[in-house]
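The next block holds one structure in the form of structure tokens; read it before the comments.
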Amino acid sequence: MHLALVGTPNSGKTSLFNALTGSRQKVANYPGVTVERKQGGFVTPLGRQVSLLDLPGTYSLRGRSPDEEITRDVVLGRTSGEAVPDLVLCVADSTNLRLTIRLVLELKRTGRPLMLVLNMFDIATRRGVTVDVARLSEALGVPVVTSIAVRKGGTAELLRRTDEIAAQVPIPVQQNRWQPLTIAELRATQREADRIIAATIGLPAKPDTWTARIDAVVLHPVAGLAILALILFVMFQAVFAWAQPVMNLLSSGFTALGQLVHDTLPAGLLQSFLQNGVISGVGSVIVFLPQIIIIFLFILLLEDFGYMARAAFLMDRIMGGAGLHGRAFIPLLSSFACAIPGIMATRVIDNRRDRLTTILIAPLMTCSARIPVYTLIISAFIPARLIWGWVNLQGLVMFGLYAAGIASALGVSFVIKFFMLRDYAPAPFMLELPDYKMPRAGSVAIGVYTRAKMFLQRAGTTIFSMMVLIWFLASFPLPPVGATDPPIDYSFAAMIGKALVPLLAPIGFNWQIAVALIPGMAAREVAVAALGTVYAIEGGKEAADQIGQMLTTKWSLATALSLLAWYIFAPQCASTLAVIRRETGSWKWMAITFAYMLALAYAASLATYNIAYALGAG
Amino acid sequence: MTSQQRNDARPQLPLGSAARGYRGVIQRIAAADAGSALSAHELESRLIELGFVEGARVEVLHEGVIGRDPIAVRVENVTIAVRRREAMAVIVA
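For the record, the sequence lines run as chains P and V.
Residue 146 in our numbering sits at position 146 of the first sequence; the count goes up by one each step and never skips.
One rule links them: number in our numbering = place in the second sequence (from 1) + 1000.
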């Protein structure tokens, strides 16, 4: 039996979905679009297998965005490959029925079997909202049940009624009379909804003021921004600092595992493949999990609480000026730690053009993986001086690199807004600010678990294959017996690097840099160890100081500065590209990101190198 | 109907011009007058879908930090955040 959940965005649909399906959820994309498809399964008390689809939230079936078109099409049975729902569950927030009842009246026209679920009924009762369920059901002509998604047994009545309806075989279906509503019809349905509510629902004498009271602080011009800054700071700290120890633990765990393989297997291809290809590859995927879990924990908590809408409200003018959506700030902020959870977090942006824009610029935000590269070059080539009496030159350069990253992100966003994606209708800022609600641990836990599982299944496979490929390029062909140069000199990577030298000479890169950039595609910080490998310094990235020292003797300042400029923009992260491919559902946007970042990197390096050379640093 | 007659004495103004704390009743939607990037039809449809219909009571609860934009408006018992530009389409009294 196929069920679909429909409802306005803040109806508690997701909690209900989680309560019914538990962890038996599958998240994918609808074919060809970036809209998430959430499906789960459960069994009714009478033993019926039910497949439940959580459709994107919408206020009407008009289909104003790709998300809402999916909801409309699935309900009408227009989506090929998607079973027509046998029963549509319209979920409502019982304290806020006005817009949902209007939606129900619209849904009735489709002729699909319908059931209204009054969710969060406990909150409504506590606030003094009285609902005459029988009269409401009669007035609407649709069965009505109450539910409390967050309480055990709170969905019992829903399940019972589902069994009752399913027992009528076939379930009576009426003619589809739905057409996109005209303005007059929209008005009429809203009036009808208001009339029905007045007749069947009693509102409390004293309306709830908690939300208003909290908002008085949260949306206050000064206090509100301060609170937002604090929350963002805590989140940033959590991802940057608190995730670090766990990530280091995982990283050293995998290194130790690799070492075990190294010690137990005879030297050779298999050992290298397992240690440097497989284990290293898997490790490089798993190491992202702590950050992803923390980011999504914050996002889901803030969303369920109701704060996200307020944050979008506060940030709207600031982000809007740069052509970004108010909700883009959390994904972009997360990208300062790592673009991967940041890009995954763009799901909070409903509008497709805004989501895409944010995904495209997220990699430009100076991520933490760039820091080892920046540190290596800055500490080796920039003198540790004070300028203007108090400003540390090295720190200033680092700050400048960060600023360049942010500025370029805003610049690219501006370009995208005005020159690309012009055919998408701009989404006006019209957002419901839901009442504040306590987030429920169970629902949040399921949400985080589902996200982590999605990452491992979707991005993990792509990242892993890219790592193996890079390992292959850097290890084959094997050096001939008695070779004196570092083994990597004989590999495909070196061949590619040396072949690229004519292209890279104008920006000041020698062949060693070119070769190091190939394994450096795996992740930005790998460049440090890769440079070590190319210049035959043992110790990986722990030997950064040594590597730096050696580089000062081999590179000019102009080359070093050019490499810094390169790293601000260059798409040296296969994992980010893989995630972009998975989140946008196509190779096209991944290719576009790769291409534009490469172009910017080349241009920046070219300018930096030639200017520095002309100023005598060559 | 009665609420509209009662408010005939009060001056009509676009919701986008209302100050924080304003309370009134929606008289009509004039989407063509708003300088929004949306078509008049689309703007009016979206407003109605969020509950902005004639006779609904509104109250401007909050306004944004920069340029007093956007505004948070309670429409009956739903709170909607909207930019003043789009709110100019809602005539209240």
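Using N, Cα and C, we set each Cβ at its ideal position, and we do this for glycine too.
Small disclaimer: the values here were computed from a predicted structure and weren't measured.
Lys26/P has Gln39/P as its beta-bridge partners, per DSSP.
According to DSSP, Ala1081/V shares a beta bridge with Leu431/P, Ala1072/V. In the assembly as shown, Gln190/P is a buried residue. Its beta-carbon has 16 or more other beta-carbons within 10 Å. Counting only runs that start and end inside the segment 460–491 of chain P, the alpha helix (DSSP H) elements of at least 4 residues fall at 460–475. Chain P has no Cβ within less than 9 Å of the Cβ of Gly1021/V. Judged by their CB atoms, Ile101/P and Ala167/P are not nearer to each other than the 9 Å cut-off. Each of Leu1013/V, Pro1011/V, Val1075/V was checked against the Cα of Val1053/V, and the nearest Cα belongs to Val1075/V.
At a beta-carbon threshold of 8 Å, the residues of chain V lying near Ala309/P are Ala1081, ordered along the chain. The C-alpha of Leu300/P is placed about 27 Å away from the C-alpha of Asp1069/V. Restricted to the segment 122–188 of chain P, the beta strand (DSSP E) segments that are unbroken, complete and at least 3 residues in length are 144–146, listed in chain order. The segment 357–401 of chain P is shown to contain whole alpha helix (DSSP H) runs of 4 or more residues at 370–381, in chain order. The C-beta distance from Thr484/P to Ile416/P rounds to 50 Å, too long to fall under 8 Å, and the pair is not in contact. Contact note: Pro1070/V reaches chain P through Phe313, Asp316, Phe429, using a C-beta cutoff of 7 Å and chain order. In summary, no residue of the segment 1011–1035 of chain V has a CB separated from any CB of chain P by less than 8 Å. Residue burial is scored here from C-beta neighbours: Phe399/P has fewer than 16 other C-beta atoms within 10 angstroms and is therefore classed as exposed.
Between the C-alpha atoms of Leu531/P and Cys367/P there is a straight-line separation of about 20 Å. At a beta-carbon threshold of 8 Å, the residues of chain P lying near Ile1048/V are Ile183, Leu186, Arg187, Gln190, ordered along the chain. If the five residues before and after Thr211/P are omitted, its C-beta is found closer than 6 Å to the C-beta atoms of Asp435, Tyr436, all from its own chain and listed in chain order. Burial state of Val1082/V is buried, judged by a 10 Å Cβ sphere holding 16 or more other Cβ atoms. His1041/V sits exposed, since fewer than 16 C-beta atoms from the chains shown fall within 10 Å of its C-beta. Take the alpha-carbon of Gly548/P and the one of Ala536/P: they are about 13 Å apart. Exclusion of the five residues before and after Leu219/P leaves Arg310, Phe313, Leu314 as the residues of its chain whose Cβ lies within less than 8 Å of its Cβ.
Contact note: Ile1066/V reaches chain P through Arg317, Ile318, using a C-beta cutoff of 8 Å and chain order. Here Asp1033/V is exposed, its C-beta having fewer than 16 other C-beta atoms within 10 Å. Leu116/P is a Cβ neighbour of Val142/P, given a cutoff of 9 Å.
For chain V, the residues of the segment 44–63 of chain P that bring a beta carbon within less than 8 Å of one of its beta carbons are Tyr59, Ser60, Arg62, in chain order. A check of alpha carbon separations from Arg37/P across Ile286/P, Thr255/P, Arg347/P, Gly268/P identifies Arg347/P as the nearest.
Listed in chain order, the non-local C-beta contacts of Gly277/P below 6 Å within the same chain comprise Val468, Trp471, local neighbours out to five positions each way being set aside. For Arg581/P, no beta strand (DSSP E) run applies; the uninterrupted alpha helix (DSSP H) run containing it begins and ends at 574–584, by DSSP. With respect to Arg451/P, Ile349/P sits apart: the two C-beta atoms are not nearer than 9 Å. Put simply, the backbone Cα of Pro221/P is about 27 Å away from that of Arg355/P. Taking a C-beta cut-off of 7 Å against chain V, the contacting residues of the segment 87–115 of chain P are Asn96, Arg98, Leu99, listed in chain order. Assignment of beta-bridge partners to Asp54/P by DSSP yields Leu5/P, Lys38/P.
By the beta-carbon neighbour count (other beta carbons within 10 angstroms, threshold 16), Lys588/P is exposed. For Ala216/P, a Cβ of chain V is located within less than 9 Å of the residue's own Cβ.
With a beta-carbon spacing of about 26 Å, Arg582/P and Ser15/P fall beyond the 8 Å limit used to define contacts.
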